[in-house]
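Number of protein chains: 2
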Amino acid sequence: MSSASIKQVARIAGVSIATVSRFMNSPEKVSEKTREKVQAAIAQTGYTPNTLAQSFRRGRTNIVMVVLPSIGDPFFTGVMRGIRRTAAERGYSILINETQFNTMTADEIAAMVVSRQTDGIILLASMSPFGNEVLSAKSHRALPIVVGCETVAPELAAYPSVHVDNVAAASEATAYLIAQGHRRIGMIGGSTSSLLTRDREAGYRQAMAQAGLEVASGWMVNGDLSIDGAISATRRLLALTPRPTAVFCTTDEMAIGCLHAARSAGLSIPQDLSLMGFDDTRYARVMSPPLTTVSQPAQEIGEQVMATLCAEIERGRPAAASEDAENRSVIVPHQLVLRESVAPPADQV
Amino acid sequence: MSSASIKQVARIAGVSIATVSRFMNSPEKVSEKTREKVQAAIAQTGYTPNTLAQSFRRGRTNIVMVVLPSIGDPFFTGVMRGIRRTAAERGYSILINETQFNTMTADEIAAMVVSRQTDGIILLASMSPFGNEVLSAKSHRALPIVVGCETVAPELAAYPSVHVDNVAAASEATAYLIAQGHRRIGMIGGSTSSLLTRDREAGYRQAMAQAGLEVASGWMVNGDLSIDGAISATRRLLALTPRPTAVFCTTDEMAIGCLHAARSAGLSIPQDLSLMGFDDTRYARVMSPPLTTVSQPAQEIGEQVMATLCAEIERGRPAAASEDAENRSVIVPHQLVLRESVAPPADQV
DNA sequence: CCCACTAATGTAAACGTTTACAAACGTCGG
DNA sequence: CCGACGTTTGTAAACGTTTACATTAGTGGG
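Protein sequences, first through last, are from chains A and B.
The first sequence begins at 1 in this note's numbering and counts up one residue at a time.
The second sequence begins at 1001 in this note's numbering and counts up one residue at a time.
Here is the structure:
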C-alpha cells in the first residue's frame, strides 16, 4: 500500500484523474471549489505523485550526471557546491561519476543519457575519446553536454564550456617564479593525456621560453593529481642535479604532497625550494607556509556550468539557429594569490 | 527519433515484444534461433532499453540517496568511495544530499523515497527529528534506511547502522593526552545537536573523569566541523587563562584549522600546544607536524553501509522474522595513530 | 430566452516496459 | 499416429502519469 495514487485521490475527491493532475501541475486551470475538494482528498490520502511515472511520461528525469576525476579534490568540491546550488534552484538532482575509479566508460556514461536515465552531462574531466560517433549514431539529437574547468577536447568543440584560461594562468604563475629569480623550475602535472595538464604545461613552457629559459628533461613529472603521486614526483625532481629551485604544481593537492616530500627530504620551504600551487583550495592558506597559488572561482564555474546545461536541456532538440552564439566558451577570471611558499632562490646560479 | 524502442526491435526481428523483453532479461528462456534474430535487430537499431520505463514498470530506480553533512570533508570522501564501490558492483547509482546547505528537509528527503525517486537512504548525518511519524504515516512499509558513522538517533533505532565506537575512541584519544601529562585539555567539536559530537564529548568527559580531571567551562567549543569554525574556536580556547595545553579536535578538518590558528598565534606545535585529531584523513600525515589522530576505516564503513542497504532494499517489504538479528549495529574498529602533534606539556601545572 | 463563447471537467490514449496466462510448437513414449 | 508434456512464443493487461480532444457547465449579450 505504499503511497496513494492519483486514482484514489480522484475517487475520493469525486473528480476525474485529469482534474487531479491539473490541480498538481496548473492549479489555475481548476475552479476554486474543485481545488478545495482535491486538496482535501490529497491531505486525506497523503498523496505524493509517483516520480517514476512522471519521469516516464514526461521523458525527463531531472537528473544530470557530472563526470569528474575525483570528488575528493577540494577544488572540485567547490565546483560541485556551485553545481548543486543552481541544480537545487532549478529542481535537478545530480549523479556523480568519478573517472578515477573507472566505474564507467565514456560510452556507458553516454548510454545513460540515451537511455533516458539522465537529462544531461557535465564533463569536468577530459574524456578524450568521448565516443562521439557512438553517441551521434545512437541518438540523432545532440546530447546536452557542457564542459567545465577543462579545455574542451576537439571532438567536444561543439559543446559549451566554462573554464579559466589555463595557459595564461600557468604562464603567469611561472612568470612570477621567474621574476623572483628562479631559473630552474620544475613542474608537477597530471597525466599528459589530460588536456588541462597539457594547457598548463603549454603556459609553463611559454613563460619559460619568453624568459629565454630552457626546460631541461626530467623537469616535468606526472604527479597523478594526488598527494601520493606528488610525493614520488617530488622525489624524482629532487634527485636531479642540479635540482630545480622552484616547482610549479598544477594543483594545490599536489603542492601539498610536494611540500611534504620536500620537507621530509630536509628542505625548508621557501628558502630551499619555492612552491607554486593552483586552485587556491581551502587548505592552501592553512599550510605552513601558506601556499602561493592561482585561484579559480570554483563555485562560480559550477553555477555557470549548471545554468548552461539547464538551458541546453530546456531548449530541447531544436538547436539550429544561432548555435555558435550559445556555444562559445565562457572564460572566467583567475588570479595569482601571493602567499609565503615562494621566495627568491638562495643558491645563485 | 532518439533511441529505438522495444517495439521496433520486435518488428525487425519478426517476434513479439515479449520475446525481446525476455531476450534482455532472461536470455536462457529464448531459443537459439530467436536469440540470433533479436540480437541482430538490436545491433541494427542500436536499441537501449528506456530506463525510465523500466524503473516505472519495476517500481525501482536503482538509485539510493546518501545524506551527509558535507561532501568536502575528506573523511566522508573516503566513506563515499566505499559506498560508490559497492554501489557500482550491485548496479546502483547514488544521489548526494549535503545537509550543510539545507537543500532539503528531512521530510523532503523521505518524500523522495516515498515518491519512488530513490530506493533507499544512507544517513551519514544525524537528522535528529527524521520525521519518522511522517514517514510511517505516508507509507506503511518501513523505509530502507541505514545509518553510517553516526550513532543512531533514538527515533532511528530500528534501522541498521555501522560506525566506530565513538565514545570509546574519544575516550582513548583523551586518555592518551592525559597519559602524556596534560591536565588542561580542550575539545573542539561540532554542533552539540549532532549525536556524533555528543558521543565524542561523552568519551572525552569519561576519560577526564577517570583521571580525576575537571572539564572547566569554556574548554568545549563548537568548531562547526570546518576549518574556519575551528580557527575561531581555537582563538576562544587560547584566550582562556590558564589556557589548555592540549586540544582534542573531533575531526581532522578542525584539527587543521586549530593548528593554523595556534601557529598564527605564535605557538609551536606540539611544544606549546598538543593537538589530537580524529578520522585520519589523507591530510593528517602531510601536515607539519603530522597529526596524531584516531583512524576510522572510512572505505570499509562505506562498503558495509551500502551492502546493508542493498540487503534492506532487496529483501523488500517482508521483514518480520528475525528483525533484530539484522538490525543490530555493526561496530567497526578504530585505532589511535601516533604521530607528532602531541608531546608532553612544556609548562608544568 | 437563446446563442455563442469561455471556462471547467471528463474520456481515453499514450508513454515503453514486464509478466501472467494462453496458445502453439516439438518431442517422445506408447 | 496419438496424447501428453515441456519448451518457446504471443497476447494483452498493467504500472501512474499527462494531455489532446470532446463534452458539459457557466456567463453575458443580443
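Every residue, glycine too, gets a C-beta built ideally from N, C-alpha and C.
Sequence-distant Cβ neighbours of G223(A) in its own chain, meaning closer than 6 Å and more than five residues away, are I188, G229, A230, A233 and M254. Cβ contact annotation for I1331(B) (same chain, cutoff 6 Å, sequence separation greater than five): D1165, in chain order.
For G257(A), the neighbours in chain B by C-beta distance under 8 Å run, in chain order, V1286. Setting aside the 5 residues that flank it on each side, R1236(B) is surrounded in the same chain by V1221, each with a C-beta closer than 6 Å to its C-beta; the list follows chain order. Neighbours of H1260(B) in chain A, taken as residues at a C-beta separation under 7 Å, are given in chain order as V286.
For C249(A), the enclosing beta strand (DSSP E) starts and ends at A246 to C249. The stretch 73-91 of chain A makes contact with the stretch 292-307 of chain A; the number of CB pairs closer than 8 Å reaches 3 or more. In this structure, the straight-line span from the alpha carbon of F56(A) to that of L1124(B) is close to 30 Å.
For L1068(B), the enclosing beta strand (DSSP E) has its first and last residue at I1063 to L1068. By the criterion of a C-beta distance shorter than 7 Å, A207(A) is surrounded in its chain by S171, T174, A175 and I178, once the five residues flanking it on both sides are discounted. Between the C-alpha atoms of V147(A) and L196(A) there is a straight-line separation of about 12 Å. Around the CB of S268(A), fewer than 16 other CB atoms lie within 10 Å, so the residue is classed as exposed. Collapsing the DSSP output to three states places V114(A) in a helix. The three-state reading of DSSP puts L237(A) in helix, counting H, G and I together. Only residues of its own chain outside the window of five on either side were considered, and among them R184 have a CB closer than 7 Å to the CB of P242(A), listed in chain order. Of all alpha-carbon atoms in S1329(B), S1161(B), E1032(B) and V1114(B), the one lying nearest the alpha-carbon of T51(A) is that of V1114(B). With contacts defined by Cβ atoms closer than 7 Å, L240(A) and G218(A) form a contacting pair.
For V66(A), the closest alpha carbon among the candidates P333(A), A106(A) and T19(A) is that of A106(A). Here the C-alpha atom of A1343(B) lies approximately 11 Å from the C-alpha atom of P1289(B). Any Cβ of chain A closer than 7 Å to the Cβ of L1309(B) would place that residue at the interface, and such an atom is absent. If the five residues before and after D199(A) are omitted, its C-beta is found closer than 8 Å to the C-beta atoms of T151, N166, V167 and A170, all from its own chain and listed in chain order. Here the stretch 1278-1285 of chain B makes no contact with the stretch 1301-1312 of chain B; the two share fewer than three CB pairs at distances below 8 Å.
Taking the beta carbon of L1068(B) as reference, no residue of chain A falls within 9 Å; the closest one sits roughly 12 Å away.
Residue D252(A) holds the alpha-carbon nearest to the alpha-carbon of S226(A) among A311(A), A40(A), S26(A) and D252(A).
Residue A88(A) holds the alpha-carbon nearest to the alpha-carbon of E1098(B) among S31(A), L156(A) and A88(A). Taking a Cβ-Cβ threshold of 7 Å, none of the residues of chain A is close to L1225(B); the smallest such distance is about 13 Å. Per the C-alpha coordinates, the member of P333(A), V337(A), P345(A) and R339(A) positioned closest to V162(A) is P333(A). With 16 or more neighbouring CB atoms inside 10 Å of its own CB, R84(A) falls in the buried class. Closest by C-alpha distance to T1061(B), out of L1338(B), A1346(B) and I1313(B), is I1313(B). Under the DSSP assignment, L195(A) falls in the alpha helix (DSSP H) whose first and last residues are L195 to Q210. M187(A) has M220(A) and F248(A) as its beta-bridge partners, per DSSP. Under a criterion of Cβ atoms nearer than 7 Å, the residues of chain B adjacent to G72(A) are, in order, P1074 and T1077.
Under the three-state reduction of DSSP output, D1228(B) falls in the helix class. With contacts defined by Cβ atoms closer than 7 Å, I6(A) and V20(A) form a contacting pair. In the three-state scheme derived from DSSP, where H, G and I count as helix and E and B as strand, Q1039(B) is classed as helix. Annotated as proximal: I145(A) and I121(A), with beta-carbon spacing under 7 Å.
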